[in-house]
Amino acid sequence: MYGSGRIIPALIIFVGLMTFPIWYNAGKAQQPPVLVLPTEHTECVRDAQYMRESHMVLLHEWRDDILRKSGPRSGVTASGMQYQRSLQQGCMSCHYDKKNFCDQCHDYTAVVPDCWACHLEPTKEAI
């Protein structure tokens with residue numbers, strides 16, 4: 125093989141560079157984010173585990189039910205708490221700090237939600 129004196133070292137360097145992120149992070153566990161939870165309310169519309177895993181399913185169900193089927197705009201939790209079935213008026217009334225709440229988990233899981241294409245980003249002053 126011609127030029128094996130250059131090809132083999134170049135191949136070793138290439139493989140080393142391509143696998144560097146794997147070796148660099150081997151054995152390191154990334155810590156899940158610590159969320160700043162709202163202090164005004166202690167109860168959400170569903171349990172924390174469901175909201176962590178499936179809040180987008182819930183928001184899409186609300187959107188489809190309200191906008192496309194003219195469903196009810198309010199709901200009641202199992203404990204009797206009434207809430208608005210709305211991202212802007214429901215969820216954001218408690219979770220107004222996008223940077224310390226939404227972005228923490230979305231950055232951790234490398235998810236880019238499209239909520240803010242239509243909705244205004246939450247601020248405490250707007251609530």
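Quick note on numbering: my numbering labels position 91 of the sequence shown as 215, and the sequence is numbered without any gaps. We put the beta carbon where it would ideally sit given N, CA and C, even for glycine.
Any contact between the region 175-195 and the region 154-163? By contact I mean 3 or more CB pairs, one from each, below 8 Å. no
Within a Cβ cutoff of 6 Å, which residues of the same chain sit near T201, ignoring the five residues on either side of it in sequence? Within the sequence shown, numbered from 1, the residue matching residue 201 stands at position 77. Result list for T201: V169, in chain order.
With a threshold of 8 Å (Cβ to nearest heavy atom), would G140 be considered close to the ligand FAD? The ligand FAD is not among the ligands present in this structure, which contains no ligands whatsoever.
Contact check, P162 vs H243, beta carbons under 9 Å: Here residue 162 corresponds to residue number 38 of the sequence shown, with the count starting at 1. Here residue 243 corresponds to residue number 119 of the sequence shown, with the count starting at 1. It is not a contact, given that the beta carbons lie outside the stated cut-off.
Classify S178 as helix, strand or coil using the three-state DSSP reduction. Along the sequence shown, one-based indexing puts residue 178 at 54. Residue state, collapsed to three classes: helix.
Looking only at its own chain, which residues have a Cβ that is under 8 Å from the Cβ of D231, when we skip the five neighbours before and after it? Taking the sequence shown and counting its residues from 1, one reaches residue 231 at position 107. Excluding sequence neighbours, D231 sits near P157.
Using the beta-carbon count (16 or more within 10 Å), is W186 buried or exposed? Numbered from its first residue, the sequence shown carries residue 186 at position 62. With 16 or more other Cβ atoms within 10 Å, it is buried.
I think L211 touches C239, with their Cβ atoms under 8 Å apart; what is that distance to the nearest whole Å? For the purposes of this step, residue 211 is taken as the residue at position 87 of the sequence shown. For the purposes of this step, residue 239 is taken as the residue at position 115 of the sequence shown. Confirmed, Cβ separation roughly 7 Å.
Assigned secondary structure, V235 (DSSP; H/G/I helix, E/B strand, else coil): For the purposes of this step, residue 235 is identified with residue 111 of the sequence shown, where counting begins at 1. Three-state DSSP puts V235 in coil, outside helix and strand.
Among M205, F138, N149 and P246, which one has its Cα closest to the Cα of K222? Residue numbering aside, residue 222 sits at position 98 when the sequence shown is read from its first letter. Residue P246 is the option with its Cα nearest to K222.
Note down, one range per segment and in chain order, each alpha helix (DSSP H) of at least 4 residues found wholly within the region 134-198. Unbroken alpha helix (DSSP H) stretches of 4 residues or longer found wholly inside the region 134-198: 172-187, given in chain order.
Nearest-angstrom beta carbon gap, E167 and S203 [assumed within contact, 8 Å]: As a working note, residue 203 is residue 79 in the sequence shown. As a working note, residue 167 is residue 43 in the sequence shown. That pair is a contact at about 7 Å.
Could you tell me which residues DSSP puts in a beta bridge with Y207? Translated into the one-based positions of the sequence shown, residue 207 becomes position 83. G199.
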